[in-house]
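Chemist: Start counting the sequence shown at 99; every next residue gets the next number (the working numbering). We treat Cβ as the ideally placed atom computed from N, Cα and C, and that holds for glycine. Note that the coordinates shown come from a computational prediction; the quantities given were computed from them, not determined experimentally.
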Amino acid sequence: MSGERFASAALALCGLAARTLGWRPGEFWEATPAELAAALGLPAVTDAPGIDRETLQKLMENDHER
Numbered sequence: 099m100s101g102e103r104f105a106s107a108a109l110a111l112c113g114l115a116a117r118t119l120g121w122r123p124g125e126f127w128e129a130t131p132a133e134l135a136a137a138l139g140l141p142a143v144t145d146a147p148g149i150d151r152e153t154l155q156k157l158m159e160n161d162h163e164r
C-alpha cells in the first residue's frame, strides 16, 4: 500500500473510530487492526498477506526518522 493510500485509509478509519466508538486519535493509533475490527463488530481478517523484510526495513527507517 502506498503512503498516500495508507494515509487516506487511516484518516477514514480514525474518523470512523471517533464517530462510532468515541475514540480519540491516540486511542485509534494504539489499537491493533484486530482490536479495531473487534470494537467495530467486524470479522478479523485472517488471510491478509504479510510484508517482506525489505518493506519492513523501509517502514522502520521511516519511523526512526520522525
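Taking all protein chains shown into account, decide if Ala115 is buried (16 or more other Cβ within 10 angstroms of its Cβ) or exposed.
Modeler: Translated into positions along the sequence shown, residue 115 becomes position 17. So Ala115 ends up on the buried side.
Chemist: Using beta-carbon positions only, say whether Ala142 and Ala129 come within less than 7 Å of one another.
Modeler: Here residue 142 refers to the residue found at position 44 of the sequence shown. Here residue 129 refers to the residue found at position 31 of the sequence shown. No. Outside cutoff.
Chemist: Nearest to Leu140 by CA position, among Arg103, Leu111 and Glu159, is which residue?
Modeler: In the sequence shown, residue 140 corresponds to position 42, counting from 1. Selected option, being the one with the closest Cα: Leu111.
Chemist: The alpha helix (DSSP H) spanning Gly120 covers which residue range?
Modeler: Taking the first residue of the sequence shown as position 1, residue 120 is located at position 22. Run containing Gly120: none; DSSP gives neither H nor E here.
Chemist: Can you grab the Cα-Cα spacing for the pair Gly120 / Gln155, in whole Å?
Modeler: The residue you call residue 120 lines up with position 22 of the sequence shown. The residue you call residue 155 lines up with position 57 of the sequence shown. Using only the alpha carbons, I get a separation of about 34 Å.
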